[in-house]
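The listed protein sequences correspond, in order, to chains A and B.
Quick note on numbering: the first sequence equals residues 0 to 96 in numbering that gives the first Met the number 0.
Quick note on numbering: the second sequence equals residues 0 to 390 in numbering that gives the first Met the number 0.
Quick notes on the structure that follows.
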Amino acid sequence: MKKNENEITWKDFNIGCIVTEPGSSREYRTGDWRSQKPTYDFKKCIKCGVCQIYCPEGCIQQNAEGHFEANMYWCKGCGICPRECPTGVISMVNEEA
Amino acid sequence: MGKKIGIEVSLAIAEAAKLANVDVIAAYPITPQTHIVERMAEIVANGELDAEYIPVESEHSAMSACLGSSGVGARTFTATAGQGLELMHEVLYVASAMRLPIVMIVANRALSSPLNVWGDQSDLMAVRDTGWIQMICENGQEAFDTTLLAFRIAEDHRVLLPVMVHCDGFYLTHVVEPIEFLSQEEVNRYLPPIDYPLPLNPDKPVTMGAFAPSFIYTEAKKAQEVNIRNSKKVITEHWAEFAKMFGRHYHAVEKYRTEGAKTLLMTLGSFGETAMTAVDKMRSEGQEVGLLKLRLWRPFPFEELREAVGNAETLIVVDRALSFGGPGGPAFSEVRSALYSLKTHPKIVGFVGGLGGRDLTVAEFEGMVKKGPGIANTGAENEFEMFGVRE
Chain A
0 MKKNENEITW KDFNIGCIVT EPGSSREYRT GDWRSQKPTY DFKKCIKCGV CQIYCPEGCI
60 QQNAEGHFEA NMYWCKGCGI CPRECPTGVI SMVNEEA
Chain B
0 MGKKIGIEVS LAIAEAAKLA NVDVIAAYPI TPQTHIVERM AEIVANGELD AEYIPVESEH
60 SAMSACLGSS GVGARTFTAT AGQGLELMHE VLYVASAMRL PIVMIVANRA LSSPLNVWGD
120 QSDLMAVRDT GWIQMICENG QEAFDTTLLA FRIAEDHRVL LPVMVHCDGF YLTHVVEPIE
180 FLSQEEVNRY LPPIDYPLPL NPDKPVTMGA FAPSFIYTEA KKAQEVNIRN SKKVITEHWA
240 EFAKMFGRHY HAVEKYRTEG AKTLLMTLGS FGETAMTAVD KMRSEGQEVG LLKLRLWRPF
300 PFEELREAVG NAETLIVVDR ALSFGGPGGP AFSEVRSALY SLKTHPKIVG FVGGLGGRDL
360 TVAEFEGMVK KGPGIANTGA ENEFEMFGVR E
């Protein structure tokens with residue numbers, strides 16, 4: 000049933016756009032608000048998870064190596080994680096147009 | 000057929016809501032709607048109706064409470080007027096977009112300032128684009144019948160939209176008329192229990208009125224537009240069904256003595272009855288005059304209107320509201336827009352009158368018919384005027 004967001008037509012709604020499945024806000028791509036994105040120098044990462052605690056979007060998870068990394072589908076590029084990272088792993092760079 | 004009872008129209012509307020066995024009433028009293036909700040409160044307090052009456056502190060809260068109760072699938076009723084309708088304004092859009100079948104009576108009243116509690120249709124026109132189905136009643140029988148019809152139409156699964164039933168304040172709400180009531184058995188037979196398809200239910204949770212970003216909002220609005228547009232066919236079906244069961248047949252555009260009419264008057268609401276008397280008088284004098292009465296305001300009955308104007312030379316639309324600095328009275332400009340694309344159509348003239356409780360008499364309708372055709376030839380800037388204003 001799930002369609003790509005650009006494929007949804009006016010015929011695809013329940014009455015009154017009622018949402019019958021929980022958690023649909025996860026489908027909302029907040030990542031497209033971003034003008035800057037975090038980049039990582041994981042050599043410095045001590046896996047403390049401070050960035051994850053401070054992330055307002057809750058989009059930071061540990062990757063296979065155990066380093067903390069933001070999911071770009073939801074990361075709004077707010078820049079809080081580089082400010083909070085105690086070892087300077089993260090720096091923000093401009094998104095390319 | 001039921002028995003005719005002499006009763007104030009406000010009280011007849013309350014009786015209709017009682018017969019409809021409403022589950023929830025959330026309302027705030029305001030002139031000239033007060034008698035309706037007072038009587039509802041009394042009916043609930045007396046135990047004549049097993050319903051929840053939610054006393055609220057404003058009309059904004061009244062309509063907000065209606066959203067909640069309609070959302071759980073309860074049959075929901077309210078009423079307001081004038082300033083109260085304006086205070087509800089933003090919530091009206093939510094009710095229609097969320098497809099909640101609320102029924103609301105509006106006792107049409109002028110808008111401040113200057114403060115004026117009397118009848119006109121400024122409040123009606125201000126909520127034109129809120130996405131509600133809107134019907135305009137002419138007399139007490141219609142007000143009673145339309146209240147019941149409104150629930151039937153609103154709750155039809157092909158519709159699921161809120162319905163406003165407009166009744167002119169005082170002119171209609173406060174008069175005593177002989178009204179043929181339906182019995183409880185007849186209403187039960189006519190109006191099945193409400194069955195909202197996706198109600199708020201803790202065992203099967205849903206989200207109503209969720210957020211829609213720009214990539215999906217346009218599609219949501221298109222769905223809403225198609226829905227209300229398609230509701231006209233269903234409304235027409237329900238009028239026919241009502242006629243079959245109870246003998247009174249309503250139409251989107253009511254025609255009165257239009258055969259061969261060169262000049263047509265058009266009214267909305269209770270002033271139609273005065274206009275009928277004026278048409279009778281002019282017809283008896285040999286004038287070729289008829290009357291159209293617009294009952295369905297939203298969805299707008301384009302086809303029905305185009306058919307009804309026939310070969311008339313002049314159509315005089317009488318508004319009881321102004322569009323300040325705009326193209327004339329709101330009904331006038333919509334009617335003109337609806338007929339514009341026809342190859343041939345009558346010259347359309349607008350008069351605005353009957354504001355803030357000012358009467359429009361038989362003589363004044365005659366005056367409009369006398370004056371209208373001349374104005375029709377003066378050009379767009381002068382195609383409407385305020386009738387009976389002291390210069």
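Quick reminder that beta carbons are idealized off the backbone N, C-alpha and C, glycines included.
Using alpha carbons as the reference points, say which of the options lies closest to residue i.
i	options	result
residue 309 of chain B	B/259, B/283, B/215 and B/284	B/259
residue 113 of chain B	B/144, B/99, B/368 and B/81	B/81
residue 71 of chain A	A/81, A/65, A/60 and A/15	A/60
residue 120 of chain B	B/168, B/201, B/360 and B/389	B/168
residue 69 of chain B	B/237, B/101 and B/208	B/101
residue 273 of chain B	B/6, B/4, B/138 and B/26	B/138
residue 203 of chain B	B/92, B/71 and B/332	B/71
residue 25 of chain A	B/211, B/152 and B/182	B/211
residue 151 of chain B	B/127, B/256 and B/20	B/20
residue 182 of chain B	B/239, B/233, B/144 and B/326	B/144
residue 393 of chain B	B/64, B/315, B/346 and B/298	The requested residue 393 of chain B does not occur in the structure, where chain B is confined to residues 0 to 390.
residue 371 of chain B	B/156, B/261 and B/324	B/261
residue 75 of chain B	B/34, B/159 and B/85	B/159
residue 382 of chain B	B/389, B/367 and B/179	B/367
residue 67 of chain B	B/97, B/47, B/56 and B/46	B/97
residue 23 of chain A	A/8, A/2 and A/93	A/2
residue 30 of chain A	A/85, A/82, A/77 and A/42	A/77
residue 254 of chain B	B/245, B/267 and B/244	B/267
residue 239 of chain B	B/251, B/228 and B/229	B/251
residue 293 of chain B	B/90, B/322 and B/263	B/263
residue 341 of chain B	B/47, B/307 and B/374	B/307
residue 108 of chain B	B/29, B/178 and B/295	B/29
State the beta-bridge partners of residue i as determined by DSSP.
i	result
residue 188 of chain B	Answer is none; residue 188 of chain B lacks a bridge partner.
residue 297 of chain B	B/133
residue 346 of chain B	B/313
residue 391 of chain B	Outside the displayed range of chain B (0 to 390) lies residue 391 of chain B, so it cannot be described from this structure.
residue 292 of chain B	B/253 and B/266
residue 165 of chain B	B/105 and B/135
residue 23 of chain B	B/51 and B/75
residue 323 of chain B	Paired residue(s): none; residue 323 of chain B is not in a bridge.
residue 93 of chain A	A/35
residue 177 of chain B	B/5
residue 128 of chain B	DSSP output for residue 128 of chain B lists no bridge partner at all.
Start and end of the alpha helix (DSSP H) containing residue i?
i	result
residue 279 of chain B	270-283
residue 215 of chain B	213-245
residue 372 of chain B	361-374
residue 68 of chain B	58-70
residue 331 of chain B	329-339
residue 85 of chain B	81-86
residue 42 of chain B	33-44
residue 51 of chain A	49-53
Going along chain B in order, which residues have a C-beta closer than 7 Å to the C-beta of residue i?
i	result
residue 16 of chain A	209, 211 and 219
residue 12 of chain A	219 and 222
Using the beta-carbon of each residue, which ones in chain B are nearer than 8 Å to residue i?
i	result
residue 73 of chain A	Chain B residues near residue 73 of chain A: none, gap ~14 Å exceeds 8 Å.
residue 86 of chain A	Under the 8 Å cutoff, chain B gives no residues; its nearest Cβ is about 36 Å from residue 86 of chain A.
Show which residues of chain A have a CB atom less than 8 Å away from the CB atom of residue i.
i	result
residue 225 of chain B	9
residue 159 of chain B	14 and 15
residue 215 of chain B	4 and 7
If you follow the beta strand (DSSP E) that residue i is in, where does it begin and where does it stop?
i	result
residue 36 of chain A	35-39
residue 3 of chain B	3-7
residue 260 of chain B	Segment: none, residue 260 of chain B is in no beta strand (DSSP E) and carries neither H nor E.
Determine, using beta carbons only, whether residue i comes closer than 8 Å to chain E.
i	result
residue 128 of chain B	No chain E is part of this structure, whose protein chains are labelled A and B.
Hey, is residue i close to the ligand MN, as in C-beta under 7 Å from one of its heavy atoms?
i	result
residue 87 of chain B	This structure does not include the ligand MN; it has no bound ligands of any sort.
Note to self: For the region 185-209 of chain B, list every residue whose C-beta sits within 7 Å of some C-beta in chain A, in sequence order.
What the structure shows: Within the region 185-209 of chain B, the qualifying residues are 196, 197, 204, 205, 206, 207 and 209.
Check: Got a sec: which bits of the region 21-54 of chain A sit with their beta carbon under 8 Å from any beta carbon on chain B, in order along the chain?
Finding: Against chain B - using a Cβ distance shorter than 8 Å - the residues of the region 21-54 of chain A are 21, 23, 24 and 27.
Checklist line | Under 8 Å (Cβ pairs) to chain A, residues found in the region 77-108 of chain B | finding: From the region 77-108 of chain B, only 96, 97, 98 and 99 have a Cβ closer than 8 Å to chain A.
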